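Residue numbers (numbering that gives the first Met the number 0): 0 to 304.
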Amino acid sequence: MDMQVNFGGLSLKNPVMTASGTFGFGLEFAPYGDLTRLGGIVAKGLSLKPREGNPMPRIAETPCGMLNAIGIQNPGVEHFVTKALPMLPWKDVAVIANLYACDATEFGELAGVLAGEEGVAALEVNVSCPNVKEGGIAFGQDPVQIGRVTEAVKKKAGDKHVMVKLSPNVTDIAVCARAAAEGGADSLSLINTLSGMAVDIRNRKPRIANVIAGLSGPAIKPVALRCVHQVVHAVDIPVVGIGGIASAEDALEFILVGAQAVQVGTANFLRPDFAFGLADEMESLLSELGAASLDEFRGSLQLPI
0 MDMQVNFGGL SLKNPVMTAS GTFGFGLEFA PYGDLTRLGG IVAKGLSLKP REGNPMPRIA
60 ETPCGMLNAI GIQNPGVEHF VTKALPMLPW KDVAVIANLY ACDATEFGEL AGVLAGEEGV
120 AALEVNVSCP NVKEGGIAFG QDPVQIGRVT EAVKKKAGDK HVMVKLSPNV TDIAVCARAA
180 AEGGADSLSL INTLSGMAVD IRNRKPRIAN VIAGLSGPAI KPVALRCVHQ VVHAVDIPVV
240 GIGGIASAED ALEFILVGAQ AVQVGTANFL RPDFAFGLAD EMESLLSELG AASLDEFRGS
300 LQLPI
């Protein structure tokens with residue numbers, strides 16, 4: 000069965016990508032499988048300058064997922080371009096750079112640095128970070144700011160595919176999706192983590208130094224499916240589903256509601272080899288379900304009349 004996916008000028012050999020922040024730059028997972036079996040590698044969030052991230056502790060396990068507040072710790076975009084990117088098999092697997100910045104101008108500068116890099120297939124824009132010029136409110140909670148950031152990245156991205164990663168921590172994610180589409184996004188990825196926290200009743204302290212963290216894992220899959228369902232009906236650009244995917248059945252649920260492709264996140268921490276075999280498992284399950292193709296299955300959810 001043909002598992003290739005092509006959307007908005009981005010070509011993937013299969014619909015499985017790894018989610019930013021859960022797979023390093025990709026090289027860290029090379030001992031666990033063949034990177035070229037993936038449809039795409041979304042590298043960890045990149046900023047213009049190196050970032051140390053938030054203080055420890057930054058991760059807490061929950062009954063059905065995990066909380067994290069890493070704070071986009073990364074060595075900066077120059078390190079990625081000169082040290083990591085040349086080591087990745089970018090001729091055989093799409094490498095997607097995830098961008099982090101605190102104002103639209105900085106987002107544009109980052110896009111400009113990566114625009115000329117042959118090994119970068121696409122840019123994923125993380126709009127969940129706080130906008131320092133607007134009092135620290137996350138870009139992703141303000142449709143106007145989402146549009147401005149998307150426009151700034153598109154202006155500097157050259158011919159790179161621009162994917163905007165949406166936050167679920169909003170009243171209406173469809174409004175945010177339309178703002179990104181109107182700003183020129185080639186595709187959308189969703190969802191990012193849900194806001195959460197964990198506390199310890201014995202020492203009466205938060206379990207994470209940042210207090211508020213992002214919840215990911217199986218617990219958020221129903222929310223993610225709902226968001227993807229709403230967004231695919233709200234915009235005319237492709238959507239990539241993210242949130243709690245831990246099996247081929249989970250991944251096909253996102254395809255069924257209309258996602259072009261999926262990203263695997265928290266499952267990478269539990270099973271470092273999980274993403275490598277997921278496309279094959281999806282193909283087998285599609286055959287078992289009697290689907291003629293991935294395209295025939297996509298968006299075929301039958302809603303109540």
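Every residue, glycine too, gets a C-beta built ideally from N, C-alpha and C.
All figures in this text were calculated on a predicted structure; none of them were measured in a lab.
Coil, strand or helix - residue i by DSSP
i    : result
R177 : helix
D141 : coil
P271 : coil
D199 : strand
Q262 : strand
L214 : strand
S286 : helix
K164 : strand
M65  : strand
K153 : helix
F6   : strand
P205 : strand
V230 : helix
M86  : helix
G107 : helix
E117 : coil
M55  : coil
M0   : coil
Proximity to residue i [Cα-Cα], best of the options
i    : options                : result
A93  : V41, L293, A68         : V41
E51  : G38, M162, A68         : A68
K159 : E181, G115, G264       : G115
G32  : A274, D279, D294       : A274
T170 : C226, V148, V119, G118 : C226
L224 : G216, G240, G276       : G240
P30  : L288, R270, A197       : R270
S215 : T192, D199, P237       : T192
D279 : F268, L293, A266, N267 : L293
I190 : E181, A218, P205, F6   : A218
G243 : I145, L285, P62        : P62
M196 : P49, I58, F22, N53     : I58
E287 : A83, P49, A247, D199   : A247
D249 : D272, L285, V163       : L285
E117 : I95, V4, I211, S127    : I95
Own chain, CB closer than 8 Å to residue i, minus 5 neighbours either side, in chain order
i    : result
G44  : S19, G20, I71, N73, N97, L98, Y99, N125
V143 : A178
L255 : F296, R297, G298, S299, L300
N209 : N53, P54, R57, A68, G70
Distance, residue j Cα to residue i Cα
i    : j    : result
P167 : A178 : 15 Å
L302 : E105 : 43 Å
M281 : R201 : 44 Å
M2   : L300 : 19 Å
E108 : L47  : 8 Å
G64  : Q262 : 16 Å
E77  : A291 : 44 Å
V119 : M55  : 32 Å
V222 : D91  : 33 Å
F296 : G289 : 9 Å
P85  : R203 : 47 Å
L34  : W89  : 10 Å
L66  : F79  : 26 Å
F28  : I304 : 45 Å
E60  : G23  : 19 Å
Same chain, Cβ closer than 6 Å to residue i, five either side skipped, listed in chain order
i    : result
G257 : V231, G298
V112 : V76
S10  : none
G38  : L11, K12, N13, P14, V15, M16
R36  : F275
V161 : L122, V152, K153, A184, D185
R311 : Since the first residue of the chain shown is 0 and the last is 304, residue 311 is not available in this structure.
D199 : R206
H228 : V256
Close beta carbons around residue i, own chain, < 7 Å, minus the five adjacent residues each side
i    : result
A176 : L165, L187, V230, A233, V234
A110 : L98, L122, V152, K155, A156
P237 : F6, G7, S186, Q259
Residue i: CB within 6 Å of a non-hydrogen atom of the ligand GTP
i    : result
D185 : With respect to the ligand GTP, the structure shown offers nothing to examine, as it has no ligands at all.
Proximity test, Cβ basis, 7 Å: residue i and chain B
i    : result
I254 : Absent from the structure is chain B; it holds one protein chain and no more.
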